[in-house]
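Report on one structure; see the data block that follows.
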Amino acid sequence: MSIEFGCQCGKRLKVSADLAGKQVRCPGCSAVLAVPQQQPAADASSADRMVISCQCGQQLRVKPELAGKRVRCSACQQPVLVPGGAAPQAAPIQAVPVQPAPLQAAPIQAVPVQAAAPAAQADGGLWDDLPDANAGQQALPANPAMMNMAGAQAAEPSSSEATNRLLAQAAGDVASSGGGGGGGSGGMGQVGVGILMMLGAVVWFVVGLFNGIIFFYPPILLILGLVSMIKGFVQMASKH
1165 MSIEFGCQCG
1175 KRLKVSADLA
1185 GKQVRCPGCS
1195 AVLAVPQQQP
1205 AADASSADRM
1215 VISCQCGQQL
1225 RVKPELAGKR
1235 VRCSACQQPV
1245 LVPGGAAPQA
1255 APIQAVPVQP
1265 APLQAAPIQA
1275 VPVQAAAPAA
1285 QADGGLWDDL
1295 PDANAGQQAL
1305 PANPAMMNMA
1315 GAQAAEPSSS
1325 EATNRLLAQA
1335 AGDVASSGGG
1345 GGGGSGGMGQ
1355 VGVGILMMLG
1365 AVVWFVVGLF
1375 NGIIFFYPPI
1385 LLILGLVSMI
1395 KGFVQMASKH
């Protein structure tokens, strides 16, 4: 007797019944297969059974009510799915996320640029806001020292005139006292005139110094007074 079974590659193998339960190699795909056990002759009760094949090549007869279930192969003990059952439940439909359409960017609107204001002309605008250059000079307070210098310069001609008159008078006194007949009285007169001239020169210089003014005539008057006083003493000494 022989056993006939099928390989996974679809080739049908037919071997001796003595090889039942042993492994043989498929001549088509060279796969190692286990030779199934020889099935007994089918009886009337098994006429309604379904014939299925395992991956190992063993043919199994199962009841129709086992359709859609798994049975264990008697040769390799691997579970085998019985075909003919209810169709496998379809996989639930999964919602595919819809990507939102890209937002269209708003068109860029051109912003009108205002023209720059024209430059201010020389006859108005910016130049009118500038302060007057003469305003600062008019607002400056009067400086006392400058006023004194101005007063001194204004008074200088009158002082020089007075000095000239005083010097001329002193020279006249000295000449008159020198030309007089009395030697003692002439000498005393020159001494007195010299003393008065020196006192006047000192007072004149001190008053001008207090007012912040330095006059050049008081030293001259002082020297003339000193000369007059010396001449007076000389005349007095020569008469005696």
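Here my numbering is used: the first residue of the sequence shown is 1165, the next is one more, and so on. Even glycine gets a Cβ: it sits at the ideal position worked out from N, Cα and C.
About 6 Å separates the Cβ atoms of Q1201 and G1185, confirming a contact at the 8 Å cut-off.
Approximately 17 Å separates the beta-carbon atoms of C1193 and C1218; this is outside 8 Å, ruling out the contact. The secondary-structure analysis by DSSP pairs Q1223 across a beta bridge with S1217.
The C-alpha of F1379 is placed about 8 Å away from the C-alpha of W1368. Within the model, the alpha-carbon separation for L1390 versus M1362 is close to 7 Å. In the structure shown, I1387 falls within a helical segment according to DSSP collapsed to helix, strand and coil. Looking at the DSSP output, I1394 sits in no beta bridge, so it has no partner there. Looking from the CA of G1358, the closest CA among L1385, V1371, G1372, I1377 belongs to L1385. When DSSP states are grouped into helix, strand and coil, K1403 belongs to the helix group.
Closest in alpha carbon position to A1231, among S1238, V1244, Q1223, is V1244.
Following the DSSP letters along the chain, one finds S1166 inside the beta strand (DSSP E) bounded by residues 1166-1170. G1353 and K1395 have their C-alpha atoms roughly 10 Å apart. Assigned with DSSP and collapsed to three states, Q1354 falls in helix.
C-alpha of V1366 to C-alpha of F1397: approximately 21 Å in a straight line. Taking C-beta separations shorter than 7 Å and ignoring five residues to either side along the sequence, the partners of R1213 in its chain run R1225, V1226, K1227, following chain order.
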